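To start, the structure under review is shown below, and the notes come after it.
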Amino acid sequence: MTPRAAVLLSYFTGLAPVGETFEVPRKWIMEDLEIGSSQTFAVLIRELVSTRRIRQIARGYAGTSGIFTVIRRLEQA
Numbered sequence: 185m186t187p188r189a190a191v192l193l194s195y196f197t198g199l200a201p202v203g204e205t206f207e208v209p210r211k212w213i214m215e216d217l218e219i220g221s222s223q224t225f226a227v228l229i230r231e232l233v234s235t236r237r238i239r240q241i242a243r244g245y246a247g248t249s250g251i252f253t254v255i256r257r258l259e260q261a
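So, in structure tokens, the structure goes:
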């Protein structure tokens, strides 16, 4: 996992416990973590989904990040 993806996973874990769903405006996440573009954000999300760290329940609409569930914390193998 890339360092930026690890930071994003840590951020998501702080929003909701493992197994709970959450939704946050994409703009807030990008500002908080200093992610420069929507494309970079999408790449990081795809990395977390492909490594089974998060599950994307619904895609973002009208500026939201989408609805996600954290499956595994950063510390878990």
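This note's numbering puts the sequence shown at residues 185 to 261.
Think of the CB as a built atom: it goes at the ideal place given N, C-alpha and C, for glycine as much as any other residue.
As the structure is a prediction and not an experimental result, all values here were calculated from the model.
Item, Value
"Proximity of R230 and I255 at Cβ, strictly below 8 Å", "no"
"Cβ-heavy atom distance, P209 to the ligand GTP, below 7 Å", "For the structure depicted, the ligand GTP is absent and the ligand set is empty, with no information on it obtainable."
"Nearest to F206 (by Cα), restricted to the options E218, E215, L193", "L193"
"Top-ranked residue by Cα proximity to F225, from A200, Y195, L258, V202", "Y195"
"Whole alpha helix (DSSP H) elements within the region 222-260, 4-residue minimum", "222-234"
"Continuous beta strand (DSSP E) stretch holding E207: start and end", "205-209"
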